[in-house]
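Numbering (our numbering), first residue to last: 43 to 227.
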Amino acid sequence: MFARRVRSDKMFAFIDETWNPVKGCLHACRYCYAPKYTSGARSPRLEERELARRFRPGSFIFISDLGDLFGGWVPVEWIDRVVEVVRRHPDTLFLALTKNPARYHELVDRLPANVVLGSTVETDLDHVAAELSQAPAPSARLEAMRVLKWPAKFISVEPVLRFSSPEEFASKILSCEPIAVAVGY
Numbered sequence: 043m044f045a046r047r048v049r050s051d052k053m054f055a056f057i058d059e060t061w062n063p064v065k066g067c068l069h070a071c072r073y074c075y076a077p078k079y080t081s082g083a084r085s086p087r088l089e090e091r092e093l094a095r096r097f098r099p100g101s102f103i104f105i106s107d108l109g110d111l112f113g114g115w116v117p118v119e120w121i122d123r124v125v126e127v128v129r130r131h132p133d134t135l136f137l138a139l140t141k142n143p144a145r146y147h148e149l150v151d152r153l154p155a156n157v158v159l160g161s162t163v164e165t166d167l168d169h170v171a172a173e174l175s176q177a178p179a180p181s182a183r184l185e186a187m188r189v190l191k192w193p194a195k196f197i198s199v200e201p202v203l204r205f206s207s208p209e210e211f212a213s214k215i216l217s218c219e220p221i222a223v224a225v226g227y
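So this is what it looks like as structure tokens:
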């Protein structure tokens with residue numbers, strides 16, 4: 043699934059393109075790059091014109107890198123509209139990445155098999171993350187991913203923040219049984 047051509051200038055070398063049907067995020071992470079590309083706007087919004095996009099079979103698409111599609115503030119109706127587009131492209135693989143993977147549990151029955159469900163986990167130390175973000179605690183994200191019943195799970199460690207120890211953090215990530223882990227900068 044991840045045997046893809048490599049582009050070393052990108053965090054996720056296996057991604058062919060990004061698609062932003064939902065932009066904006068209320069996690070207020072101090073290190074977030076997205077406001078630079080959205081005129082500083084963090085207000086969540088559905089980009090109607092993006093719902094008409096078409097994707098090449100065999101490509102791998104990162105959904106909403108300029109927002110959090112599964113943020114608690116995103117209406118289920120928006121998610122359903124995005125999922126409808128994903129369903130129209132069964133031969134295309136999509137990556138969903140959130141800091142709120144507990145929401146996957148509410149919606150897992152709606153999601154098609156061509157979606158890789160991922161979570162960003164920058165550290166395993168809740169107090170470190172709390173200093174920089176209003177996102178759910180990393181321990182909650184790891185637990186939500188660990189118990190999630192889904193065939194293709196992914197963990198992104200980016201940015202890399204101070205963590206317990208390489209062995210302990212890796213063990214917690216591996217307990218989620220991801221098909222891949224990306225470690226950023």
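For glycine and all other residues, C-beta sits at the position ideal for the given N, C-alpha and C.
For A158, which residues in the same chain have their Cβ closer than 6 Å to its Cβ, ignoring the five residues on either side in sequence? Note that residue 158 is Val in the sequence shown, not Ala. L137, A194 and F196.
Contained alpha helix (DSSP H) runs [length at least 4] in the stretch 67-148, N- to C-terminal order: 76-79 and 118-129
Run the CB neighbour count on D107, radius 10 Å, all protein chains shown included, and call it buried at 16 or more, exposed below. buried
Are the Cβ atoms of G66 and G109 separated by less than 8 Å? yes
Buried or exposed for A45, going by 16 or more other Cβ atoms inside 10 Å? With a pLDDT of only 45 at A45, under 50, the local geometry of the prediction cannot be trusted, and no value is derived from it.
Simplified DSSP assignment, three categories, for V233: In this structure the chain extends from 43 to 227, so residue 233 is not present and cannot be described.
For the beta strand (DSSP E) holding E164, just list the boundary residues, first then last. Premise fails: E164 is in no beta strand (DSSP E) and is neither H nor E.
With a threshold of 6 Å on Cβ separation, who are the neighbours of R72 within its own chain once the five nearest residues in sequence on each side are excluded? L174
Buried versus exposed call for V189 [16 or more other C-beta atoms within 10 Å across all chains shown]: exposed
Going by DSSP, what residue range makes up the beta strand (DSSP E) through E59? E59 to W61
Can you find a CB in chain C that lies within less than 8 Å of the CB of V150? Structure shown: chain C not included; a single protein chain is present.
Whole angstroms are fine: how far does the CA of H169 sit from the CA of P99? 42 Å
Same chain, Cβ closer than 6 Å to Q176, neighbours up to 5 away in sequence not counted: H69 and A70
C-alpha gap between V296 and P63, whole angstroms: In the structure displayed, the chain extends from 43 to 227; residue 296 sits before or after that span and is not available.
Take V48 and list the residues in its own chain whose beta-carbon comes closer than 6 Å to its own, dropping the five residues that flank it on each side. Summary for V48: the model assigns pLDDT 49, below 50, so the residue's position carries little reliability; its value from the coordinates is reported in the next sentence. Correct list, in chain order: A55.
Terminal residues of the beta strand (DSSP E) in which A234 lies: Within the shown structure, residues of the chain are numbered from 43 to 227, placing residue 234 beyond reach of any answer.
By how many angstroms is the C-alpha of E164 removed from the C-alpha of L135? 24 Å
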